[in-house]
Each structure stands twice: as C-alpha cells, then as structure tokens.
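See below for the structure under consideration.
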Amino acid sequence: MRELLRTNDMVLVSAVEALLDGAGIGHLVLDQNMSIIEGSLGVLPRRLLVAEDDLRAARRLLTEAGLAHELRADD
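Residue numbering for the sequence shown follows my numbering, beginning at 6 and increasing consecutively.
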C-alpha cells in the first residue's frame, strides 16, 4: 500500500473515497479513529492509501478531478 494523500479535511477524504469507489480502486483510510486520542479536534491527519498497482491510476484520477495539489509527493 502507498500513501495517496494525507489531510485533516474529512470532506476531502469522503470526496476522494467516492472518486476511488467510482473508479473501482480499492483504498484504505488510516488514522480515522484517532479522534479518541486527539479529543475530536481534527488535528491529526487521515492517510488514504491505495495498492501499489493502483497508485498511478489513482493519482491520474485525482489529477483529472482537480485535486493534484492534495497528492503526496511520489517517491
């Protein structure tokens, strides 16, 4: 799994999940239950991961959706 994006914006996470679901790209959101530790302040970013094989397609999808600025640097 590779990190596609990292954000505190839950609306963005939801929108990206919908895009990935629509394209049939599996994904995993990490750290979404960290609100227990942080006290629901939203200060800890959520990480959205996709399989290595789907990374290129997922990056292209987000770029075409105008979200290229949200993508993590491609190592």
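Using N, Cα and C, we set each Cβ at its ideal position, and we do this for glycine too.
Every value quoted in this text rests on a predicted model; they were computed, and no experiment measured them.
Under the DSSP assignment, ARG52 falls in the beta strand (DSSP E) whose first and last residues are 51-55. Assignment of ARG11 by DSSP, reduced to helix, strand and coil, places it in the strand class. Note that the C-beta distance between ARG51 and VAL21 is not below 8 Å. Listed in chain order, the non-local C-beta contacts of ASP59 below 6 Å within the same chain comprise ILE30, local neighbours out to five positions each way being set aside.
Its Cα nearest to that of GLU8, the residue LEU33 stands out among LEU33, LEU25, GLY27.
Rounded to whole angstroms, LEU53 and ASP26 show a C-alpha spacing of 13 Å.
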